[in-house]
Amino acid sequence: MFDTAIFCLFLFQMVFMDTTATIPTGAMAERWNFKNFIIYGFWVGMFPYAFFGNWVWGGGWLAQLGQTMGLGHGHVDFAGSSVVHMCGGMIALSGAAVLGPRLGKFGPDGKARPIPGHNLVYVMLGTFILAFGWFGFNPGSTLAGTDHRIAIIAVNTMLCSASGALAACLMMYFKFGKPDPSMMCNGMLAGLVAITAPCAFVSSWGAVLIGLVAGTLVVYSVFFIEGKLKLDDPVGAISVHGTCGAWGVLSLGLFANGTYGAGWGGVHKLIKGGEVMRILNDGPASIAKYNEMTGSGPTGGWTDMGVTGALGKLFHGPMNDWSQFGAQCCGTLTCFVFVAGFAYVWFKCSNLIFPIRSVKDDEMEGLDVPEMGAECYPDYHLTDKSSPRVG
Amino acid sequence: MFDTAIFCLFLFQMVFMDTTATIPTGAMAERWNFKNFIIYGFWVGMFPYAFFGNWVWGGGWLAQLGQTMGLGHGHVDFAGSSVVHMCGGMIALSGAAVLGPRLGKFGPDGKARPIPGHNLVYVMLGTFILAFGWFGFNPGSTLAGTDHRIAIIAVNTMLCSASGALAACLMMYFKFGKPDPSMMCNGMLAGLVAITAPCAFVSSWGAVLIGLVAGTLVVYSVFFIEGKLKLDDPVGAISVHGTCGAWGVLSLGLFANGTYGAGWGGVHKLIKGGEVMRILNDGPASIAKYNEMTGSGPTGGWTDMGVTGALGKLFHGPMNDWSQFGAQCCGTLTCFVFVAGFAYVWFKCSNLIFPIRSVKDDEMEGLDVPEMGAECYPDYHLTDKSSPRVG
Amino acid sequence: MFDTAIFCLFLFQMVFMDTTATIPTGAMAERWNFKNFIIYGFWVGMFPYAFFGNWVWGGGWLAQLGQTMGLGHGHVDFAGSSVVHMCGGMIALSGAAVLGPRLGKFGPDGKARPIPGHNLVYVMLGTFILAFGWFGFNPGSTLAGTDHRIAIIAVNTMLCSASGALAACLMMYFKFGKPDPSMMCNGMLAGLVAITAPCAFVSSWGAVLIGLVAGTLVVYSVFFIEGKLKLDDPVGAISVHGTCGAWGVLSLGLFANGTYGAGWGGVHKLIKGGEVMRILNDGPASIAKYNEMTGSGPTGGWTDMGVTGALGKLFHGPMNDWSQFGAQCCGTLTCFVFVAGFAYVWFKCSNLIFPIRSVKDDEMEGLDVPEMGAECYPDYHLTDKSSPRVG
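Chains as they are written, first to last, in the working numbering: chain A, 4 to 394; chain B, 4 to 394; chain C, 4 to 394.
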């Protein structure tokens, strides 16, 4: 009567969808109207996540790029750098653009002014809760504790998070002479976001390198989005999830070393003495051919490679497969065009149902009482002493 | 030398007992004397929890109601809506009644005055820590990861928590024009409390419905207990755990759909073409009869139903079994009469050993320093600006 | 290509190493220069932890004390009371000694002045996060969920943490008339630290006793280190991890009851009718002898004991083995001499690369802005009203 595997997958995917849905709340914080947010909640799970997720994980056209266009194993994303994080980041990008910056975020001269969070302890705690959850997210995406790859996935996740935090720390140190704790948190999250797609496919050194790039990238992205795009992203969600999500799927297309994912996307890449042949899973004839080539007969002796990136040989992979990188670029571009575009249209339209932006007085007061009906800290003095929004 | 299964069960039950013991601390907060609390801690694990728990989970008279009185499968409670939560709620009810309200909670006109918690972030964080723990509580109550029902239990737990939060949010919105974050937290907890008993026995839609009712119920219960009963329950523990714990076991008696729990409480309910027969587990003759009826012989072909509620057919169950609802009512009533009564007597008596209520000056100062010897925030200004206790 | 067991062990050991590395941050808080801390981070994983860990868990000389010196099963430490906690505590001891006390910690009369933490809620939350993690640490150290001992380990961990908290609470109550919440937290952690080594080897009552001693010991140790040694340890890390880590490995040498760990350290202790014989794992002859003695033949019937302490018979063990206690003393002494000494030299030398102590003005201001470049609570008034550092 019940298929328990479907219930398991539903629960797991529910968490993934909800992560996507929650990412934009960071970029749109402190000025997003609650009613608009509620209808957004219904929309996001039903449309952009469902479509893009199906294209990548449901056997859709991005998953089939290997079979249809000869691009590696198609767009590969192990645990959601693109499906979850870049999707969320693209929605955040459109949301922040439609919403506009918080009052006082940009001065009369157009320069961004810092509005620091009111409690760094919460930032650290939240970051570590997320990091803890990631060890369910990535290793759990094997969907089976019996897949031995799970140990490598967990180690890659840990290495990449640490190297992301380290890179962001050093970057801030070199730029400003001081490590910034909240940027170190963003660096750690950047590493985690980036390793989400390639965690099963890269070596330990690959994971460290991905993290170093992600931690560097997130710092530049934060300054670029604020300084050049003039978008106000209070927590850096667009940079952490959008930019580094894109980097995550692209890094897979560069660094995957061929040790995992043979047959992924319905594509077998066989190698023997440097020669490579592709066999698709498309019927009894291809299976017979596959069995013959991987067998021990006179025409056999071919090895079935896993997913291999454009720089695979650098990581002791069997070849450099630029077509895999092509597939990853397709997925990334699709995510940017489709999800960001679709979200932009949604936010513009939903604004006609419930205004997307809180009214000005509510924003100046802080949304706690006007929108939620409760004060967060009724017994504390708060001064906003460092906020440009005062006066 | 060691039976490890007993150690496992001890650890698991220790957590259950401790949950029961901790629930009243919410309803009795800010005025309960610490020494009285300590002796309470010894009492609560040894008496009310141990008795009621044994009646339900230890094969006691409530578990046997199916065999002895013909009431369904006896009082069924999968993970403790009654044994843990309603028990805790009933102790909280008696405790709050014996303690009396906090100074200044009710004005000279008898009207309740709000005393908001000093930090809503802690409320949210604590709620999510509890929700996380529930995924050990409910699915863990299978006592075996190999019971495939575990996936359905986890999904039901999630669905019911979300629908509970949603219902409380909408209810507050319709009543006051604003969603109240702390009431949304109580709604989520209400859903989790309610699904604790029926999580293994109901369908996904049943779980959603249970949550919607629980989230609505908790709002009315909070206002009823404060407005009509004139009891001061600072966190709403009586409503969340008591009221919604009762709703949880009753909802099982209504919505259980017969897909799980065949033979529970020593009762087999066999069905064939609309006809129902009950066979008890009480000897070799009944086992032979059972085997014959469920076999493929000429007198066979009967199906062994799981636990089925009074509205079972509404959820595609094989029948509507009102006797199961009767068993659930017996358990609920027993919990109310025995646990609340026993706790009332205890609090009255323990008051003679150590006074249950802190002295007035300590209460006005806040119990931190007078009772615990330490200030929680030595470096902050706190004003109690919204508290009716000042002046 | 990948040995997943090695990846698993790497991940697990990484956490252990990191725990060791983090412990001293508590004792050296509020005055440790961040750059010095960074180079410390590289050093600590590569040297003291790696050496001592290898001696105990890598088959080094402490693990071989049973074979080489006839001391029980060698130095036994199940999950790291000495390798992780005492190591961390000894580094903390040397660090605090080299750093010197915080400005204003000791008055002109040489008496210690209290500098309470600014938020007790964080103390409680952090303690419970640690306690939660311990249930991965200790039971996880079986390295296999199929080892049934895991249930006993989890129960012992829980019992010892509770009895540690209780003992510290009572101790403070008797000394000062009030239970101190932060000391109860230290008592709980003291119990957890102490049970880390013996968790698999002692009975439930042994675990309770170990916790009671640890909770008492931690209170005396805190006052001794502050009052007699005149060391400033802001969070009590030296006492919790150092003192109670030592007590943990010693308690194993006292209370181990012989039900687990047969053959540990390459030593088999066979017993028959009160007579004890030792057989080492050192070749085919010894294996043949072992098989003969434990077999059912005329010279057989001997039982292979697990690790047994000096007071083993008190806990229904087969004998009192003082040599095991000797091995534990060797390990403890080695940890003290080697790790504390090595760390002292390191801190003195690293001081020449980057000064170990923050500059005075930074320390008075609080290190947040001067060292990290960010204020933790930019919108709050903080007064340090209870701090002796002001004025």
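Quick reminder that beta carbons are idealized off the backbone N, C-alpha and C, glycines included. Quantities reported herein were computed from a predicted structural model and do not represent experimental measurements.
Test: A/Asp382 CB closer than 9 Å to a CB of chain B: To locate residue 382 of chain A, count along the first sequence from 1; it is residue 379. True, the Cβ-Cβ gap to chain B drops below 9 Å.
Any chain C beta carbon closer than 9 Å to B/Leu128: The residue given as residue 128 of chain B occupies position 125 in the second sequence. At a cut-off of 9 Å, the C-beta of B/Leu128 has a neighbouring C-beta in chain C.
Residue span of the alpha helix (DSSP H) that contains C/Val59, given as start and end: The count along the third sequence starts at 1 and reaches residue 59 of chain C at position 56. Per DSSP, the unbroken alpha helix (DSSP H) holding C/Val59 starts and ends at 51-60.
Spatially closest choice to C/Gly73 from C/Val196, C/Trp349, C/Trp325, by CA coordinates: Working through the third sequence from its first residue, we reach residue 73 of chain C at position 70. It is C/Trp325.
Within-9 Å CB hit, C/Asp235 to chain B: Walking along the third sequence from the start, residue 235 of chain C turns up at place 232. Closer than 9 Å: no.
is_contact[B/Met17, chain C] using C-beta, thresh 9 Å: As a working note, residue 17 of chain B is residue 14 in the second sequence. B/Met17 counts as touching chain C.
CB of A/Phe55 within 9 Å of CB of A/Pro201, strictly: Start at 1 with the first residue of the first sequence, and residue 55 of chain A comes out as number 52. Start at 1 with the first residue of the first sequence, and residue 201 of chain A comes out as number 198. Not closer than 9 Å, so no.
Nonlocal neighbours in the same chain, by C-beta distance under 6 Å from B/Met4, ignoring five residues either side: The residue labelled residue 4 of chain B in the question sits at position 1 within the second sequence. Summary for B/Met4: the model assigns pLDDT 46, below 50, so the residue's position carries little reliability, and this model does not support an answer.
Length at least 3, wholly inside the region 246-299 of chain C: the beta strand (DSSP E) runs in chain order: 270-275, 278-283
Bridge partner(s) assigned by DSSP for C/Gly77: Counting from 1 along the third sequence, the entry for residue 77 of chain C is found at position 74. Residue pairing by DSSP puts C/Gly77 in a beta bridge opposite C/Gly75.
Same chain, Cβ closer than 6 Å to A/Val225, neighbours up to 5 away in sequence not counted: By 1-based counting over the first sequence, the position of residue 225 of chain A is 222. Excluding positions up to five away in sequence, the list reads Gly239, Ser242.
CA-to-CA distance, B/Pro184 to A/Arg360, given in whole angstroms: Against the first sequence, residue 360 of chain A aligns to sequence position 357. Against the second sequence, residue 184 of chain B aligns to sequence position 181. Roughly 20 Å separates the two Cα atoms.
Contact check, A/Val196 vs A/His244, beta carbons under 9 Å: Taking the first sequence and counting its residues from 1, the one referred to as residue 196 of chain A is at position 193. Taking the first sequence and counting its residues from 1, the one referred to as residue 244 of chain A is at position 241. It is a contact, given that the beta carbons lie within the stated cut-off.
Beta carbon of A/Glu366 nearer than 9 Å to that of A/Leu106: As a position in the first sequence, residue 366 of chain A is number 363, starting the count at 1. As a position in the first sequence, residue 106 of chain A is number 103, starting the count at 1. Yes, the pair counts as a contact, with Cβ atoms nearer than the cut-off.
Nearest-angstrom Cβ-Cβ length linking A/Asn260 and A/Thr311, presumed shorter than 8 Å: Stepping through the first sequence from its first residue, residue 260 of chain A is reached at position 257. Stepping through the first sequence from its first residue, residue 311 of chain A is reached at position 308. Correct: roughly 7 Å between the Cβ atoms.
Extent of the continuous beta strand (DSSP E) to which A/Thr149 belongs: By 1-based counting over the first sequence, the position of residue 149 of chain A is 146. Looking at the DSSP string, A/Thr149 is not in any beta strand (DSSP E), and its letter there is neither H nor E.
Within-9 Å CB hit, B/Asp183 to chain A: For this step, residue 183 of chain B is matched to residue 180 along the second sequence. Answer yes: the Cβ-Cβ gap between B/Asp183 and chain A drops below 9 Å somewhere.
DSSP state of A/Phe109 mapped onto helix, strand, coil: Translated into the one-based positions of the first sequence, residue 109 of chain A becomes position 106. Three-state DSSP puts A/Phe109 in a strand.
Straight-line Cα distance separating B/Phe345 from B/Tyr380: Residue numbering aside, residue 380 of chain B sits at position 377 when the second sequence is read from its first letter. Residue numbering aside, residue 345 of chain B sits at position 342 when the second sequence is read from its first letter. Distance between the alpha carbons of B/Tyr380 and B/Phe345 is about 38 Å.
Counted within 10 angstroms of its Cβ, other Cβ atoms place B/Val348 as buried (16 or more) or exposed: As a working mapping, residue 348 of chain B is identified with position 345 in the second sequence. The residue is exposed, with fewer than 16 neighbouring Cβ atoms inside 10 Å.
Residue environment, B/Ile469, which counts as buried when at least 16 other CB atoms sit within 10 Å: The structure shown does not extend to residue 469 of chain B, since chain B spans only 4 to 394, so no value can be given for it.
Helix, strand or coil at C/Ala313 according to DSSP, with G and I counted as helix: Here the question's residue 313 of chain C lines up with position 310 in the third sequence. Looking at C/Ala313 - three-state DSSP - the assignment turns out to be coil, as it is neither helix nor strand.
Own chain, CB closer than 8 Å to B/Lys181, minus 5 neighbours either side, in chain order: Numbered from 1 along the second sequence, position 178 holds the residue referred to as residue 181 of chain B. Closer than 8 Å at the Cβ level, and outside the excluded window around B/Lys181, lie Met175.
Cβ-based burial, B/Met280 [other Cβ within 10 Å; buried from 16]: Sequence index remark: in the second sequence, residue 280 of chain B carries index 277 (1-based). B/Met280 should be labelled exposed.
Listed by chain order, chain C residues near A/Pro104 by CB distance under 7 Å: Working through the first sequence from its first residue, we reach residue 104 of chain A at position 101. Under the 7 Å cutoff, chain C gives no residues; its nearest Cβ is about 19 Å from A/Pro104.
Extent of the continuous alpha helix (DSSP H) run through A/Asp307: Your numbering for residue 307 of chain A matches position 304 in the first sequence. Unbroken run through A/Asp307 is the beta strand (DSSP E), 306-308; no alpha helix (DSSP H).
Unbroken alpha helix (DSSP H) run spanning C/Pro27, endpoints: Working through the third sequence from its first residue, we reach residue 27 of chain C at position 24. Taken as a continuous stretch (DSSP letters only), the alpha helix (DSSP H) holding C/Pro27 covers 7-30.
Residues that B/Met49 contacts on chain C, provided the C-beta gap is smaller than 7 Å: Taking the second sequence and counting its residues from 1, one reaches residue 49 of chain B at position 46. Within 7 Å Cβ-Cβ: nothing; B/Met49 doesn't reach chain C, min ~15 Å.
B/Leu317 versus A/Gly92 - alpha carbon distance: Here residue 317 of chain B is taken as the residue at index 314 of the second sequence, counted from 1. Here residue 92 of chain A is taken as the residue at index 89 of the first sequence, counted from 1. For B/Leu317 and A/Gly92, the distance between alpha carbons rounds to 43 Å.
Collapsed DSSP secondary structure at B/Trp64 in the structure displayed: As a first step, residue 64 of chain B must be located in the second sequence, where it is residue number 61. If DSSP states are grouped into helix, strand and coil, B/Trp64 belongs with coil.
Where the alpha helix (DSSP H) through B/Ile356 begins and ends: Locating residue 356 of chain B in the second sequence gives position 353, where the first residue counts as 1. Taken as a continuous stretch (DSSP letters only), the alpha helix (DSSP H) holding B/Ile356 covers 344-356.
For B/Tyr125, three-class secondary structure by DSSP: Translated into the one-based positions of the second sequence, residue 125 of chain B becomes position 122. DSSP, reduced to helix, strand and coil, places B/Tyr125 within a helical segment of the structure shown.
Any chain C beta carbon closer than 9 Å to B/Leu14: As a first step, residue 14 of chain B must be located in the second sequence, where it is residue number 11. With 9 Å as the cut-off, B/Leu14 counts as an interface residue toward chain C.
Contacts around B/Asn284, its chain only, beta-carbon distance under 6 Å, and the 5 residues preceding and following it disregarded: Against the second sequence, residue 284 of chain B aligns to sequence position 281. So the qualifying residues of the chain are Gly269.
Alpha-carbon spacing of C/Thr3 relative to C/Ser299, whole angstroms: Nothing in the structure corresponds to residue 3 of chain C, since chain C is present only between 4 and 394.
Closer than 9 Å at the beta carbon, the chain B residues around A/Thr7: Locating residue 7 of chain A in the first sequence gives position 4, counting from the first residue. Residues of chain B passing the Cβ test: His151, Arg152, Ile153, Ala154, Ile155.
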